[in-house]
Amino acid sequence: MIDILNITSEPIFDDRIIKIETHTYNPFTNTTFGYSDEIRIRKTMLVNNCAAFMFDEIRYKLNDVEIDRNRYVGISSMLKNYVSLTYDKDLIAMNAGWNTISDREEGYFNFCVPLSMLLDFCEDYKRLIVNARHEFILIRVRNDNNCLVGNPVTESEIEFFKVQWRMPHVALNEINKLSMLRALESGRFLSMSFRSWDLYVYPLLQNTTKHSWAVKTATQLEKPRYVIFALQTGRKNVMSQNGSVFDDCNLSNVKLHLNSTFYPYDDLNLDFGKKKYAVLFDVYSRFRRAYYGIDCFETLLNVLSFTREGSFVVIDCSRQNESVKGATVDVRIEFDCKENVPANTTAYCLIIHDRVAQYNSLINVVRKIM
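Mapping the sequence shown onto full-length UniProt numbering, position 88 (from 1) lands on 88, and the numbers just tick up by one.
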């Protein structure tokens, strides 16, 4: 009501930033990233999120200090983007290799992937970074079996002709440039707070119905805030199967234990054979509202596509007792299935946690706060 009564207000013109240019950077070594002299992809399709599956690990460094990384890039970004994307963003993400079906005989492709789909630092941190050297490291996978779906006999492979990094550069007007220089000359460390992903893998589950997995021990700062749990059967490094799809494996219940506290409070009581998975989709639909702090329940997947492509468990453990600062946190997952877990089943646990880094542009020092 106050705004509609303020009839004497003057228009505000934002001229603090006078120019934003996107510069393209090439790798240090101008060579191809493949392991073959030519590319032949016949009767083969690229999987969903195929660009991410082409890399085993990516790292982001600032002044030679690693501030964020993503291991098992394909699986981790699949899980994170399933819960983060919406239908509108999904259409734009096709340009990044998301939901892109490619079975063309010529076998060529071209993608532009926002780093916000691969690293939470690039999604969360929205401010300028002044006078620091950035480095982006990509490590290729050993083979392309998870990137492609087709007949393994064809021995299809992927070769990169060019990989480039496009980075925006910002120029300020004189007043704000002077203010920025004064802040830098003070010599104080500038904080960067963001969330980071860690994917943990249980490569081969035992053929039983009850499982207990001691995932990791975390510090208080980097203890889990959100956890996404998923299962896959017979898909890892198998070209004849789609490695971007997850399986339900007759999952009936999942509990996340952080020391003596467990989430969720009630049992899930799932039964995929009887289509009892409404609670699972409900917690999935609430993720974006809690994670981004928005009053919106829009999701990428509906109930049918969730059970067909997803069947993962989202656990919100963001509300915790913060009074104890020094103790470590033991992260453990217990899960039950209606039947024995099938052979060649892999479990994934994506942990989203807080991270704080600081940098001093005057002395070119970067440090991570643990």
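No residue lacks a Cβ here, since even glycine has one placed at the ideal position from N, Cα and C.
I need the DSSP call for residue i, collapsed to helix, strand or coil.
| i | result |
| --- | --- |
| Ser116 | helix |
| Cys50 | helix |
| Tyr60 | strand |
| Asn176 | helix |
| Asp109 | Per the sequence shown, the amino acid found at residue 109 is Phe instead of Asp. Coil, per DSSP. |
| Met370 | coil |
| Arg40 | In this prediction, Arg40 scores a pLDDT of 41, lower than 50, which makes its location untrustworthy; no coordinate-derived value is stated. |
| Leu270 | coil |
| Pro168 | strand |
| Gly343 | Checking the sequence, you will find Ala at residue 343 rather than Gly. The answer is coil: DSSP assigns Ala343 none of H, G, I, E or B. |
| Val307 | Correcting the residue type first, residue 307 is Thr in the shown sequence and not Val. Thr307 falls in the helix class under three-state DSSP. |
| Ser76 | helix |
| Glu123 | helix |
Check the DSSP bridge columns for residue i and list the partner residues they point to.
| i | result |
| --- | --- |
| Tyr226 | Asp316, Ile352 |
| Ser212 | Glu334 |
| Lys162 | Looking at the DSSP assignment, Lys162 forms no beta bridge with any residue, so it has no partner. |
| Gln358 | Ser191, Arg367 |
| Leu205 | Answer by DSSP bridge pairing: none, since Leu205 is not bridged. |
| Asp247 | Leu231 |
| Met45 | Val149 |
On the criterion of 16 or more Cβ atoms from any shown chain inside 10 Å, does residue i qualify as buried, or is it exposed?
| i | result |
| --- | --- |
| Ile20 | exposed |
| Arg288 | buried |
| Tyr25 | exposed |
| Tyr292 | exposed |
| Ser318 | exposed |
| Arg133 | exposed |
| Phe28 | exposed |
Would residue i and residue j qualify as a contact pair, given that the criterion is a beta-carbon distance under 7 Å?
| i | j | result |
| --- | --- | --- |
| Leu221 | Asp354 | yes |
| Trp197 | Leu350 | yes |
| Val141 | Asp56 | yes |
| Phe189 | Asn360 | yes |
| Phe335 | Val245 | no |
| Asn364 | Asn63 | yes |
| Leu199 | Thr345 | no |
| Asp124 | Arg182 | no |
| His23 | Met180 | no |
| Ile48 | Val149 | The residue you asked about is not Ile; residue 48 is Asn in the sequence shown. Result no, Cβ atoms of Asn48 and Val149 do not sit closer than 7 Å. |
| Ala357 | Met192 | yes |
Considering residue i, what are the terminal residues of the beta strand (DSSP E) in which it resides?
| i | result |
| --- | --- |
| Phe136 | 134-140 |
| Asp198 | 190-202 |
| Thr25 | Inspection of the sequence shows that residue 25 is occupied by Tyr rather than by Thr. Where Tyr25 is concerned, the enclosing beta strand (DSSP E) stretches over 17-25. |
How is the alpha helix (DSSP H) around residue i delimited, first residue to last?
| i | result |
| --- | --- |
| Leu280 | 278-285 |
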